[in-house]
Every structure is written in C-alpha cells, then in structure tokens.
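Quick note on our numbering: the sequence shown kicks off at -16 and runs consecutively.
Cβ coordinates follow ideal geometry from the N, Cα and C atoms, glycine included.
Working notes, structure below.
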Amino acid sequence: MMPSELAQASPSASRRTAAVATALVLAAFAVRLLWALAPRAVHWDEPDYLILARNLLHGEGYRVFGVPDLHIPPVAPWLTVLTLALGAPVDLAMAIWHVVAGALLCGLIFMAGREVTGSELVAALAALLAAFSPALAVRPLYWGSMTESLFLVALWAGIWAAWRLVHAGGWRPALAAGLAFGASYLVRPEGLLWWAALAAVTLALVLRRRHGGAVLAVYLGAFLLVAAPYWIYLYHYTGHFLLSGKTGITLLQANDTMADVGTTLDSTGSEVLWLSPERYQVGVSSFALADPVGVARRFVANVRSTPGVVLSILIPLYLLMFIALGLWAQPWNRRRLQAEGFWLVCLAPLLVVPLTHMLSRLLLPLVPIALIWAGFGVQRFITWGQETLVATHAVQHRSLAWLGRVWPVLVVGLLVVLSLRGQFSALREGQASIAPSHKEAGLWLASASSPGDAIMTRNTEVALYANRPPVDFPNANLDRVLAYAATHNARYLVVDDIELRLVRPQLAYLAEPATTPPELERVATFPGQVRTTYVFRIRG
C-alpha cells in the first residue's frame, strides 16, 4: 500500500494492523530477553561503551583511557548511562537496549515492509522471521559491540520515512528520515552512508519533478542538526573536520587484523596509535592512493568471501529457497520494480564493507531486506500448497479437508522451529567465543587491588569488572611496555596466552612462570578453555 492508501484504511483494518505489530514486537522482545539473560561476559568494544557510560554517570567525562574518547559515537554510551543509573549490572546494561531495540526493529520491519511491498501478509511474515532470526536475536550478544540492534532500529526508522518521502513527499517524512538517519550515525558512523544514499535518490526526484527543494533541505538539515554537534566535538579535540574518529585506525587495521595496529606506538614512541594525533593522518583517499592495487585485491578477496560469511552466519540455508521464490517465482509489475529498486539503494552502502574487514556484523543490514524477500517466498509457497490441494481435489476428501486450513500454520511453524534451532546453535557458538578468564581476572582485581590502581590490558573488560582505570597495552618490547606503564601509572598488567602467542609474540615468554622478568610479579592465573589469563603486578 502507498501512504495515501494506508490513510484511507478502515478502522477495523487499522486495529488489525496495530494488533499484528504489537504481537510481533512482544514476540521479538520475549525471544531477545530470554537469550540476554543467559550467562555472558562482555568483551571487545562493549566494555569501552560501558566504561564511557560509567565515567559519564560518575561525572568523570566522556573518557575510556583518561582522555576524551574520539572513537565511539555518543548514543549507545548515553543510553547505557540510563540503564546503569537504574541499577542494571554491567553484563546487562547494553544487552537491555539490544532487547528493546531489537523488538522495535521487528515492528518497523512490519510497518515499513507493508508500505514498500504493498502486502501486509508479506510484511508480517518478514517481521516474524526477524523476530526469531538467530542473526538478529542472538548473535549481537556475542559480537562484542552490542550496537547492532540500536543501529538497525534507527536505520529502519529512516528507511520507512525515506520511502514515504520518495513516494509522497512532504516535510514530515523528510524531517523524520533526516533525524532517524542522524540517530543511526550517532550509534555507528556507517549510518552516514545510508543517509547519503537516500539523499541522492531524493535529489534525483527533486530534479526530475522540478520541485521539492524545500523538502530536500529539510531532509539534509534534520541530519545536520543531529550530526553537527558530534562533528564540532571531534573538531574541538582534533583540529580536523572528521566524520568519524575511528576511520584512520580502521583503514590501517584492514591490512593486517592480527597486527593490532591501534596499540603500536606512534613515531614518538610515547603513545599508542589508538590515542595518538597521528591516527588522523590517514584518510580514505590517502589510504587508497598509497596502495590502490592492494585495496583492489582486498576488495575482490572480501567480495569472494561474502557468500560464505552470509550463509554461515546471517541467513540460514533453508531460507534461500524462499528468497529465490520471493524474488523470481512471479513476474515483477511496476510497483514491485519500484520496491526492489528502493531495496537495492538501501543495500548499496554495504559495498563499502569489503574495503576493510569482511565481518558478519557489518553486513547485518542485509538481513531484514533478505527476510522481506523470504516473506514473499513463504507467501508464494503457502499459496502453492493451498492451490495444489484444490487442484488435486484433496480438500474435497473429508479426511484431508483440514490440511488446507492448517497448511499455512505448518509452514510458518516449521520455519519458527528451524529458527529456534538456529538460535540454540548461535548461543553455543557465542558462549564458546567468550573468555570467562578475563571476567574472573577483573573480579579478582576488584578485591585484590586498591581503588584507583590502573590496569594495563588490551582487554578493557578486565578493568571494567575490576572497576579500575584501564591503560592501553602497547604492542612493543617489555622495556617500552614498562615505560608506558610508568608514564600512565599502571599498577597491574593483564594478558592472556592467545594474545601472547598471536598478537604479542615478542612477549610470549610471559606465559611461563620461570621466565617472568624481575620487573613483574605474577600474582594470579585464571585458566580457561578459550584463554588462560595472567595477572602481573608491576614492580616499582
């Protein structure tokens, strides 16, 4: 349905739509809450968000390592301030937002999908698949960011408003789209790409229709209203006009993910690159021009690996049949052609991903659109079954008459069961990926160390659980590591065996008690199936 058609819907139809949307949101909420309550330990980027939120809550500023943070956009940390203030434990403080945003996302997929596709049934099927999708419901809990659901809910609010803007015009959808894409950008910087893609479509329509310039200005202005304060913040601390403070590090890390470029020392030898002004000397253009052949080769290699990443993690193989049916079982009319063109525009920003890291979580925006295609396929499959029963006169037999009525329930029920099975599999994989020994070391340090004792570690969850200040761990020889520790008043060094073997091989001897240097005292060891974590007190 178009927006004008939806406005003319009967009150009973509107109540039905509201009831369906509510049921989908509640189902998605229940599923996500169940998995969020499973035992878990935060890791990777999530503890940085939590440390930021905790420092904001305690009036210590927007800081992780004692200086203003320039990598993490503000929405997720500020929302986490609220959950921490309400008493949520650190393991749940961000997961709560995954539950809430993930549930609302399914409602948005339904509402936006019914307008773009013109079919409430297809939209409901897509949203139901999203509610039970392992990639949307479970995997974000273990990817180590916990911003995926927040990002997607803001993104899909913008997509829904953008569709209305493109087809009906008006300042209200322009304002809503600009604000929503701005919010998505302040969750994760790539939200800027979706805003730009839809801005290009809106501009093309303005030029074609020769009017609507004011609407385009509202769309652009609403985004700038949300994004500009963050740009001012970045400029204030860097002296550069930046869209993201993390771009340089991300590009450098693309060459070798195991090199841990962010923790290498800069040219002065006194600061890690993650916190050094030198990180801003690398931009997209300079990075591409420095090694265009290498960039092209990496892009091609990442594109080739995309199907494996998508099919192993994001989209189950059993959905491919339904996606194929949804895309090609019936010819496209003009309405469907417009809808698919819109979806392709919404997928275009993902072409940036192969330039850096082919990570499944970066491709997650593909999933809701793929599920809408699957929704078409499920509808077509249900119709095929019902029409087959009629054509073969099976429904005329009293013993088989029930089959036509329950066929849709059987199909949808089987898909839900398969999705639940995938959720359990995703849970097992996620649980196997976390390192409980980091959490154990942090909790031990919470009682064994004094308040204010800084902890040098690459894994900031240790400092988070210890409730102690973190100090970044330089990827250097021991003399430089100890010099950095002295400069930053670090009292403890925490490292694990995998890190020593793969990331810091020059310090691999720290894994053996007999080769512990005199400058360090091993005070605790926490063995684990994934990683064994060592805690050293820094002497002097």
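{"Query": "Cβ neighbour criterion (16 or more within 10 Å) applied to I481", "Result": "exposed"}
{"Query": "Beta-carbon separation (whole angstroms), R262 vs I232, contact threshold 8 Å", "Result": "5 Å"}
{"Query": "Endpoints, the beta strand (DSSP E) within which D479 is located", "Result": "A473 to D479"}
{"Query": "Through-space distance from W311 to G222, alpha-carbon basis", "Result": "52 Å"}
{"Query": "7 Å CB neighbourhood of D436 in its chain, flanking five on each side removed", "Result": "R451, R474 and Y475"}
{"Query": "Cβ-Cβ separation, L135 to V58 (assumed contact under 8 Å), whole Å", "Result": "About 13 Å; that fails the 8 Å criterion."}
{"Query": "Alpha helix (DSSP H) segments (min. 4 residues) lying fully within the stretch 152 to 234", "Result": "154 to 168, 174 to 192 and 196 to 221"}
{"Query": "Sequence-distant residues of its chain with Cβ nearer than 7 Å to L258 (five each side left out)", "Result": "F48, V50 and D455"}
{"Query": "Proximity below 8 Å, CB of V335 to CB of L158", "Result": "no"}
{"Query": "Cβ pair L303, R363 closer than 8 Å", "Result": "no"}
{"Query": "8 Å Cβ cutoff met for S167 and L138", "Result": "yes"}
{"Query": "Close Cβ partners of R(-1) (< 7 Å) along its chain, the five nearest in sequence each way excluded", "Result": "none"}
{"Query": "Touching by the beta-carbon criterion (3+ pairs, under 8 Å), the stretch 75 to 83 and the stretch 8 to 19", "Result": "yes"}
{"Query": "Local Cβ density within 10 Å of P501, reported as buried at 16 or more and exposed below that", "Result": "exposed"}
{"Query": "Exposed unless 16 or more other CB atoms sit within 10 angstroms - verdict on S(-13)", "Result": "Because S(-13) carries a pLDDT of 48, less than 50, the predicted location of this residue cannot be relied on, and no value is offered for it."}
{"Query": "Nearest-angstrom beta carbon gap, Y45 and L35 [assumed within contact, 8 Å]", "Result": "6 Å"}
{"Query": "Expected contact under 8 Å - CB spacing of A446 and F509 to nearest Å", "Result": "Not a contact, Cβ separation roughly 15 Å."}
{"Query": "Inter-residue Cα distance where the pair is R318 and V361", "Result": "20 Å"}
{"Query": "Outcome for F224 when other beta-carbon atoms lying within 10 angstroms are tallied against a minimum of 16", "Result": "exposed"}
{"Query": "Whole-number beta carbon distance between L104 and V64, since they are thought to touch under 8 Å", "Result": "The pair is not a contact, with the Cβ atoms about 41 Å apart (cut-off 8 Å)."}
{"Query": "Sub-8 Å separation of L119 and V350 beta-carbons", "Result": "yes"}
{"Query": "Spatial distance of A(-10) from E98 (CA atoms)", "Result": "In this prediction, A(-10) has a pLDDT of 48, which is less than 50 and means its spatial position is unreliable; what the coordinates show is noted afterwards. In a straight line, the C-alpha of A(-10) is about 11 Å away from that of E98."}
{"Query": "Environment of T185 [buried if 16+ CB atoms lie within 10 Å]", "Result": "buried"}
{"Query": "Residues of its chain near N285, where Cβ-Cβ distance is below 6 Å and the 5 sequence neighbours each way are ignored", "Result": "P337 and M341"}
{"Query": "Rounded separation between A179 and L461 - CA only", "Result": "46 Å"}
{"Query": "Cβ neighbour criterion (16 or more within 10 Å) applied to Q406", "Result": "buried"}
{"Query": "Residue burial classification, G195 (beta-carbon count within 10 angstroms, cutoff 16)", "Result": "buried"}
{"Query": "The ligand ZN heavy atom lying under 7 Å from the CB of A11", "Result": "Questions concerning the ligand ZN fall outside what the structure shown contains, since it holds no ligand whatsoever."}
{"Query": "Nearest neighbour of L162, chosen from A182, E131 and L483 [CA to CA]", "Result": "A182"}
{"Query": "Unbroken beta strand (DSSP E) run spanning D71, endpoints", "Result": "Looking at the sequence itself, residue 71 is Ala, so the reference to Asp does not match. Where A71 is concerned, there is no enclosing beta strand (DSSP E), given that its DSSP letter is neither H nor E."}
{"Query": "CB contact flag (G245, L256, <8 Å)", "Result": "yes"}
{"Query": "Simplified DSSP state of T499, which is helix, strand or coil", "Result": "coil"}
{"Query": "Spatial distance of R171 from A160 (CA atoms)", "Result": "16 Å"}
{"Query": "Nearest candidate by alpha-carbon position, reference V149, set R191, A109 and L207", "Result": "R191"}
{"Query": "D590 vs T443 beta-carbon contact at 8 Å", "Result": "Residue 590 cannot be examined here, being either before or after the span of the chain that is shown, -16 to 523."}
{"Query": "Whole-Å CB distance - A113 paired with L354, under 8 Å assumed", "Result": "5 Å"}
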